[in-house]
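Note sheet for the following structure.
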Amino acid sequence: MSEAKLTQTGPLWLWTASNGVGWHFITIDGAAGETIAANEAMRRLELGRKRGFRSQKVEAQIGETLWSTSCFPSDDGAWLLPVKAPVRKAEGLAEGDEVRVTLTLL
0 MSEAKLTQTG
10 PLWLWTASNG
20 VGWHFITIDG
30 AAGETIAANE
40 AMRRLELGRK
50 RGFRSQKVEA
60 QIGETLWSTS
70 CFPSDDGAWL
80 LPVKAPVRKA
90 EGLAEGDEVR
100 VTLTLL
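First residue of the sequence shown? That's 0 in numbering that gives the first Met the number 0, and the numbers climb one at a time after it.
Have a look at this one:
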């Protein structure tokens, strides 16, 4: 499958584990989420197996910050994009901010 570019705007939210460690995410759903799911399914068919946690490699961009990461499926059919501290710091982002992200499926 060729590279696809997707855009999504949504709030930056914090998930906290029982041990107090937290991760920030943007939820990728709707048409963008469906495209990621279809791409993951095609990759699984091509390779005959799935990647860890059914993750999908992406190149993400928020503002001027571009980085490589993976999106992970959630139980409700959406995908979760982790946003690490260096990205949040570079773009001045905090929990609850509305964020526009561009994703390139790899």
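Each residue gets a CB set at the ideal place from its N, CA and C atoms; glycine is no exception.
Rank 96, 68 and 95 by C-alpha distance to the C-alpha of residue 83 and give the top, closest one. Distance from the Cα of residue 83 is smallest, within the candidate group 96, 68 and 95, for 68.
Specify, as a first and last residue, the run of the beta strand (DSSP E) that residue 3 falls within. Run containing residue 3: none; DSSP gives neither H nor E here.
Indicate whether residue 77 and residue 27 have their beta-carbon atoms separated by less than 8 Å. A contact, by the Cβ cut-off of 8 Å.
How would you call residue 13, buried or exposed, if buried means at least 16 neighbouring beta carbons within 10 angstroms? Looking at its Cβ environment, which holds fewer than 16 other Cβ atoms inside 10 Å, residue 13 is exposed.
Distance, Cα to Cα, residue 0 vs residue 73? With a pLDDT of 43 at residue 0, under the threshold of 50, the predicted position of this residue should be treated as unreliable, though the coordinate-derived value follows. Looking at the two C-alpha atoms, the distance is approximately 23 Å.
Note down the Cα distance separating residue 41 from residue 60, rounded to an integer number of angstroms. The straight-line gap from Cα to Cα measures roughly 24 Å.
Express the C-alpha separation of residue 91 and residue 98 in angstroms, rounding to a whole number. Using only the alpha carbons, I get a separation of about 11 Å.
On the DSSP letters alone, give me the boundaries of the alpha helix (DSSP H) that residue 43 sits inside. From DSSP, the alpha helix (DSSP H) with residue 43 extends over 29-46.
Have a look at residue 11 and residue 31 and give me their C-alpha separation to the nearest angstrom. One Cα belongs to residue 11, the other to residue 31, and the distance between them is close to 17 Å.
Where the alpha helix (DSSP H) containing residue 100 begins and where it ends: Careful: residue 100 lies outside any alpha helix (DSSP H), inside the beta strand (DSSP E) at 97-104.
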